[in-house]
Amino acid sequence: MAYVTGSSAGRERARPGGPGGGPGHGSGGERPDGAASGGGREDGSGSGGERAGSPERTSLSVRARDAIRQRIADRTYPQGARLVEREVAEELRMSRVPVREALRALVGEGLLELLPHSGVRVRRLDRADVEHLYEVWEPLAVQASRLAARRVARSAPVEPPGVTALRASLDRAEQAASDPEGAREVAAHTAFHEDIVALSGNPMLARTMERLGGQLRLLFGMREEPEHMRAQHAVMFRYIAQGDEESAAASTLLHVRDSRTVALRSLFDDA
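Every position in the sequence shown, counted from 1, becomes a number in the numbering used here once 16 is added.
Following this line, the structure appears as structure tokens:
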């Protein structure tokens, strides 16, 4: 497992410069700034395999980021867990360079946080974090639904391709509701909201939402998903597919505010 728990063995492995050193501070001859002192790849597969800025390296970094993000969302890496760069790289069967870049990117997304001396850990969401997240997500989600409905209306009588993708996400969420582990439902729930953003056709909104996406997935995985909230998805979809901007926006506002209430109740025992 690629993280360190609170056990004595975990604390031993978590020491800076020890066998399980974190990003930029592990074994293998790395300098404190995170650069490898050896000339080749860190997985021992030879030198020159990952040139800085190369498409291959960028692709590996994106793959590593997506894989780590998914493990955080499904709680394979639980909140507060210290991620060890070397072990994450071994688990993903990658060299440490793209893994290091992925960890740094996830710090920027707010899913991971830097430790005082070295390494990173999965961020713990406290009440203020959750409230701040909903304060930002609410207007963006409402605007995404409004823009998606507007795009549908302007495309009539031709249905934009994004409507088909959104309908498929809605169907997957319904099918995944019976999954006892909940991971598929979380993924489908997230995809539904992401597909609304995609249908909006606004690339700036998409980029902004992408930065929130990891935290939203983490939050969705932590709280319950009542049946009435799944039903709200169907209402949102209906208004978007009809091209009804204001109804789409209003139904999304209701959904996000209900989601906030459920999250606070699930995580912090709010009445």
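The C-beta atom is built at its ideal place from N, Cα and C for all residues, glycine as well.
Treat the numbers as computed from the prediction; the structure is a model and nothing was measured.
(1) Under 9 Å between the Cβ atoms of residue 137 and residue 114?
(2) Assuming residue 112 contacts residue 101 (C-beta within less than 8 Å), just tell me the rounded distance between them.
(3) When you compare each of 84, 90, 75 and 256 to residue 203 by their alpha carbons, which one comes out closest?
(4) Going by the DSSP bridge assignment, what does residue 136 pair with across the sheet?
(5) Let me confirm a value: residue 164 is counted as buried when at least 16 other C-beta atoms fall within 10 Å, else exposed. Which label applies?
(6) Quick check on the DSSP output: the alpha helix (DSSP H) that includes residue 150 runs from which residue to which?
(7) Confirm, please, whether the CB-CB distance from residue 256 to residue 174 is below 9 Å.
(8) Could you tell me whether the segment 187 to 197 touches the segment 213 to 231, where touching means 3 or more Cβ pairs closer than 8 Å?
(9) So residue 81 packs on residue 122, CB below 8 Å; how close in whole Å?
(10) Look up residue 75 in the DSSP assignment and say whether it is helix, strand or coil.
(11) Alpha carbon to alpha carbon, what distance is there between residue 77 and residue 288?
(12) Taking the alpha carbon of residue 108 as the point to measure from, which residue in 124, 132 and 83 has its own alpha carbon closest?
(13) When you compare each of 248, 279 and 277 to residue 264 by their alpha carbons, which one comes out closest?
(14) Between 166, 219, 279 and 273, which lies nearest to residue 253 when the distance is taken from Cα to Cα?
(15) Closest by CA to residue 211, which one among 184, 95 and 278?
(16) Could you check whether the segment 148 to 156 touches the segment 271 to 284, counting it as contact only if at least three pairs of C-beta atoms, one from each stretch, sit closer than 8 Å?
(17) Using only the alpha-carbon positions, how far apart do residue 37 and residue 129 sit?
(18) Rounded to the nearest angstrom, what separates residue 15 and residue 124 at their Cα positions?
(19) Do you know whose CA, among 200, 206 and 159, lies nearest residue 182's CA?
(20) CA-CA distance, residue 281 and residue 93?
(21) Name the residue from 132, 262 and 75 whose alpha carbon lies nearest to the alpha carbon of residue 98.
(22) Taking only three categories from DSSP, how would you classify residue 174?
(23) Grab the span of the alpha helix (DSSP H) containing residue 124 for me, first residue to last.
Well, looking at it:
(1) In the sequence shown, counting from the first residue as 1, residue 137 sits at position 121. In the sequence shown, counting from the first residue as 1, residue 114 sits at position 98. No, the pair does not count as a contact, with Cβ atoms beyond the cut-off.
(2) The count along the sequence shown starts at 1 and reaches residue 112 at position 96. The count along the sequence shown starts at 1 and reaches residue 101 at position 85. The beta-carbon separation of residue 112 and residue 101, rounded to 6 Å, stays under the 8 Å limit for a contact.
(3) Within the sequence shown, residue 203 is the residue found at index 187, counting from 1. Closest by C-alpha distance to residue 203, out of 84, 90, 75 and 256, is 90.
(4) Mapped onto the sequence shown, residue 136 falls at position 120. Answer is 99 and 130.
(5) Taking the sequence shown and counting its residues from 1, the one referred to as residue 164 is at position 148. Sixteen is the threshold: when 16 or more other Cβ atoms of the shown chains lie within 10 Å of the Cβ of residue 164, as they do, the residue is buried.
(6) On the sequence shown, position 134 is the one that residue 150 refers to. Annotation: the continuous alpha helix (DSSP H) that includes residue 150 extends over 143 to 171.
(7) The residue given as residue 174 occupies position 158 in the sequence shown. The residue given as residue 256 occupies position 240 in the sequence shown. It is not a contact, given that the beta carbons lie outside the stated cut-off.
(8) Result no; under three Cβ-Cβ pairs closer than 8 Å.
(9) Within the sequence shown, the letter at position 65 stands for residue 81. Within the sequence shown, the letter at position 106 stands for residue 122. Their Cβ separation, rounded to whole angstroms, is 6 Å, which keeps residue 81 and residue 122 in contact under 8 Å.
(10) Taking the first residue of the sequence shown as 1, we reach residue 75 at position 59. Helix.
(11) Only positions 17 to 287 of the chain appear in this structure, which leaves residue 288 out of reach.
(12) Indexing the sequence shown from 1 puts residue 108 at position 92. Here the closest residue by C-alpha is 83.
(13) In the sequence shown, residue 264 corresponds to position 248, counting from 1. The candidate whose alpha carbon is nearest that of residue 264 is 248.
(14) Within the sequence shown, the letter at position 237 stands for residue 253. Among 166, 219, 279 and 273, the Cα nearest to that of residue 253 is on 166.
(15) Here residue 211 is taken as the residue at index 195 of the sequence shown, counted from 1. Among 184, 95 and 278, the Cα nearest to that of residue 211 belongs to 184.
(16) yes
(17) The residue labelled residue 37 in the question sits at position 21 within the sequence shown. The residue labelled residue 129 in the question sits at position 113 within the sequence shown. Note on residue 37: pLDDT 41, under 50, position unreliable in the model; the coordinate value appears next. Near 15 Å, if we compare the C-alpha coordinates of residue 129 and residue 37.
(18) Missing from the structure shown is residue 15; the chain here goes from 17 to 287 and no further.
(19) By one-based count along the sequence shown, residue 182 stands at place 166. Answer by Cα proximity: 206.
(20) Mapped onto the sequence shown, residue 281 falls at position 265. Mapped onto the sequence shown, residue 93 falls at position 77. Straight-line Cα distance between these residues: approximately 23 Å.
(21) The count along the sequence shown starts at 1 and reaches residue 98 at position 82. Answer by Cα proximity: 132.
(22) The sequence position of residue 174 within the sequence shown is 158, counting from 1. Residue 174 falls in the coil class under three-state DSSP.
(23) As a position in the sequence shown, residue 124 is number 108, starting the count at 1. Note, residue 124: alpha helix (DSSP H), 112 to 125.
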